[in-house]
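Let me begin by presenting the structure, written as structure tokens, before commenting on it.
There are 2 protein chains.
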Amino acid sequence: MYSLAPLSQLKPAGAQTIFIEKLPAKCCTLDKCTSMHCPVLRQLGTLKVYNHNETIFWESDKAASFFLIKSGVVRECRMLSDGRRQISRFIFPGDLFAHTDNGNYSNTAEAVTPVSVLVIPRPQLEQSLESTPCLRRLFLKNLQQELHQTQDQVLVLGRMSAVERVSHFLTSLADITGANPLELPMTRVDIADYLGLTLETVSRVISRLKREGKIELLDTNKILLSAPLKLSANSQHVAA
Amino acid sequence: MYSLAPLSQLKPAGAQTIFIEKLPAKCCTLDKCTSMHCPVLRQLGTLKVYNHNETIFWESDKAASFFLIKSGVVRECRMLSDGRRQISRFIFPGDLFAHTDNGNYSNTAEAVTPVSVLVIPRPQLEQSLESTPCLRRLFLKNLQQELHQTQDQVLVLGRMSAVERVSHFLTSLADITGANPLELPMTRVDIADYLGLTLETVSRVISRLKREGKIELLDTNKILLSAPLKLSANSQHVAA
DNA sequence: CGGTCAGTTGACAATATTCAACCGACGTGG
DNA sequence: CCACGTCGGTTGAATATTGTCAACTGACCG
Numbered sequence: 021m022y023s024l025a026p027l028s029q030l031k032p033a034g035a036q037t038i039f040i041e042k043l044p045a046k047c048c049t050l051d052k053c054t055s056m057h058c059p060v061l062r063q064l065g066t067l068k069v070y071n072h073n074e075t076i077f078w079e080s081d082k083a084a085s086f087f088l089i090k091s092g093v094v095r096e097c098r099m100l101s102d103g104r105r106q107i108s109r110f111i112f113p114g115d116l117f118a119h120t121d122n123g124n125y126s127n128t129a130e131a132v133t134p135v136s137v138l139v140i141p142r143p144q145l146e147q148s149l150e151s152t153p154c155l156r157r158l159f160l161k162n163l164q165q166e167l168h169q170t171q172d173q174v175l176v177l178g179r180m181s182a183v184e185r186v187s188h189f190l191t192s193l194a195d196i197t198g199a200n201p202l203e204l205p206m207t208r209v210d211i212a213d214y215l216g217l218t219l220e221t222v223s224r225v226i227s228r229l230k231r232e233g234k235i236e237l238l239d240t241n242k243i244l245l246s247a248p249l250k251l252s253a254n255s256q257h258v259a260a
Numbered sequence: 021m022y023s024l025a026p027l028s029q030l031k032p033a034g035a036q037t038i039f040i041e042k043l044p045a046k047c048c049t050l051d052k053c054t055s056m057h058c059p060v061l062r063q064l065g066t067l068k069v070y071n072h073n074e075t076i077f078w079e080s081d082k083a084a085s086f087f088l089i090k091s092g093v094v095r096e097c098r099m100l101s102d103g104r105r106q107i108s109r110f111i112f113p114g115d116l117f118a119h120t121d122n123g124n125y126s127n128t129a130e131a132v133t134p135v136s137v138l139v140i141p142r143p144q145l146e147q148s149l150e151s152t153p154c155l156r157r158l159f160l161k162n163l164q165q166e167l168h169q170t171q172d173q174v175l176v177l178g179r180m181s182a183v184e185r186v187s188h189f190l191t192s193l194a195d196i197t198g199a200n201p202l203e204l205p206m207t208r209v210d211i212a213d214y215l216g217l218t219l220e221t222v223s224r225v226i227s228r229l230k231r232e233g234k235i236e237l238l239d240t241n242k243i244l245l246s247a248p249l250k251l252s253a254n255s256q257h258v259a260a
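The listed protein sequences derive, respectively, from chains A and B.
Each residue of the first sequence is one higher than the last, beginning at 21 in my numbering.
Each residue of the second sequence is one higher than the last, beginning at 21 in my numbering.
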């Protein structure tokens, strides 16, 4: 049995507000550890706010910081020389981002909505990783999840049709936000650049899903998923 | 300036055979550390050989071990319920694989050629990670590189044409192996399942590249890249 | 009021897939 | 030893899917 992981497995922490002001060596037990409430990250970082469409960092710039989203949605993307854009992923509250393997950012990060992020200088975080085992596990787990989700995305882009991609996207988004009348924070262009399609194809697929009664458009960016869509999209990805 | 990373950034270690039999706390200096010569990994793992097309582990099985390739080529892949297959990546000597975020393998791994791998039990490796800082950096670096390469793959699958995908694949493979009359270890089906195409399309593109003088087919699986292909494939991916 | 932006839809074109035939190499069993 | 089946690969013809170009709408803003 195998089913695709949602876009993000770190759900918004919601009511989770257990903060410890003094910094102990072991800040939390293994299973309760989340990036959202981690006191080490909280102490290392400074809160910063970005406006809609503002750039947080540029691809190939020297990677000075890690970022933890407190609220809002961010997109990470790459470009080809002729302007073609591919969004690597959308990033949601609780996600730690800006991983790199060579000291330079490998994506450009932009605010899809107004966002508030914790900006954590790399040297400090890297030092804390050495001294704080539970933070290390948290960091590693975050990285492994991002890898898993990116491999999911490779499967989606390599082997799914336009209808399957959009359906999978919508159900994943519903899983992350946990809301069924689903509020799309991003434009059709963003969705297209994430799914490897054109904005026209995305628009047509959404119209088709509406026509077939699989979704309901309460507003341009407010979508109600019918139960069948959720079911079909889940069963579709179960290995034989 | 941005250019796509090759499929693997860990080149075969070749002549690198510095082994230390006794296990020191710091086994090597930061910049000389490679998974190929790391004495800690060497001590933890046992060497195992797999035949052509033999399965190393199955997707969703409990993840018991990590693997380090000493020789040969491995493919990691995922399946949809109807049999569609997507190869997440090809893995080459020096690569550490079987990362997971939930304790189960997220891909099936199979030997593309006869391979010899170091099988490293997870509990032991995880324990050594805690106690050995340089191994930790090595492990983290490996994971970050895999993420980077997978994001490259997302860009390739999402935004490149068939010709671009195959050209990029061939040049990347030449970069990894460092050999120009390039020996393809995998079949057309494998290439297709890696590039999100059909085997016919891969075959047609290769024929076309041959017709256009960009490659020379010395044998079905032996390809000589003309300089122009290498150049064009590089310049194609440089950001504006 | 005019301009811009996000989105939808239609007509047509490009691209990749599907289905099928065919080839040569290889290995096996009569 | 040869016939036969299988496998990997190539190629052609027809088809399906998605992209391109363009027109149009409604919302929003100065």
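No residue lacks a Cβ here, since even glycine has one placed at the ideal position from N, Cα and C.
Chain B contact for residue i (CB, 8 Å cutoff)
i	result
A/Ser-108	yes
A/Glu-166	yes
A/Cys-119	It should be pointed out that residue 119 of chain A corresponds to His in this sequence rather than to Cys. Cβ-Cβ to chain B under 8 Å: yes for A/His-119.
A/Gly-216	yes
A/Thr-240	no
A/Thr-170	yes
Helix, strand or coil at residue i according to DSSP, with G and I counted as helix
i	result
B/Lys-234	coil
B/Ala-199	coil
B/Val-225	helix
A/Thr-54	coil
B/Phe-189	helix
A/Pro-113	coil
A/Tyr-214	helix
A/Arg-142	helix
B/Leu-177	helix
B/Ser-91	strand
A/Thr-207	coil
B/Leu-163	helix
A/Asp-102	coil
A/Asp-81	coil
A/Glu-220	helix
B/Thr-152	coil
A/Ala-247	helix
B/Ala-194	helix
A/Val-183	helix
A/Thr-75	strand
A/Asp-239	strand
Nearest to residue i (by Cα), restricted to the options the options
i	options	result
B/Tyr-125	B/Pro-113, B/Ile-111, B/Arg-98, B/Gly-114	B/Arg-98
A/Pro-141	A/Thr-66, A/Arg-105, A/Ser-85	A/Ser-85
A/Ser-181	A/Ser-246, A/Thr-221, A/Thr-54	A/Thr-221
A/Phe-159	A/Ser-136, A/Leu-116, A/Pro-201	A/Leu-116
B/Ser-187	B/Gln-165, B/Gln-171, B/Trp-78, B/Ala-212	B/Ala-212
A/Ser-136	A/Thr-152, A/Leu-167, A/His-72	A/His-72
A/Ser-108	B/Thr-128, B/Leu-175, B/Gly-198, B/Lys-234	B/Leu-175
A/Trp-78	A/Glu-96, A/Ser-91, A/Lys-68	A/Glu-96
A/Leu-204	A/Val-94, A/Ser-80, A/Leu-145	A/Val-94
B/Val-132	B/Gly-178, B/Tyr-214, B/Arg-104	B/Tyr-214
B/Ser-101	A/Arg-179, A/Val-209, A/Ala-247, A/Leu-100	A/Arg-179
B/Ser-91	B/Ile-111, B/Ile-76, B/Glu-74, B/Gly-103	B/Ile-111
A/Val-69	A/Cys-53, A/Ile-89, A/Leu-244	A/Ile-89
A/Arg-228	A/Glu-130, A/Phe-87, A/Val-183	A/Val-183
B/Leu-193	B/Arg-104, B/Lys-242, B/Leu-163, B/Pro-153	B/Lys-242
Residue i CB to nearest heavy atom of the ligand FMN below 7 Å
i	result
A/Arg-98	No copy of the ligand FMN appears in this structure; indeed no ligand is present at all.
Beta-carbon proximity list for residue i, same chain, < 8 Å, skipping 5 on both sides
i	result
A/Ser-148	Val-60, Leu-64, Leu-155
B/Ala-247	none
Residues near residue i by beta carbon distance below 7 Å, same chain, minus five either side
i	result
A/Ala-83	Ala-118, Thr-120, Gly-123, Asn-124, Tyr-125, Arg-142
A/Glu-166	His-119
Cβ of residue i within 8 Å of any chain A Cβ
i	result
B/Arg-104	yes
B/Arg-98	yes
Same chain, Cβ closer than 6 Å to residue i, neighbours up to 5 away in sequence not counted
i	result
A/Thr-5	Because chain A is modelled from 21 through 260, residue 5 of chain A falls outside the range shown and cannot be assessed.
B/Arg-185	Val-176, Leu-215
A/Cys-299	With chain A covering only 21 through 260, there is no way to say anything about residue 299 of chain A.
Which residues of the segment 150–162 of chain B have a Cβ closer than 7 Å to any Cβ of chain A? Give them in chain order. Glu-150, Pro-153, Lys-161
Taking a cut of 8 Å between CB atoms, which residues from the segment 126–140 of chain B lie near chain A? Ser-126, Asn-127
Which residues, taken in chain order from the segment 170–187 of chain A, show a beta carbon closer than 7 Å to some beta carbon of chain B? Thr-170, Gln-171, Gln-173, Val-174, Leu-175, Leu-177, Gly-178, Arg-179
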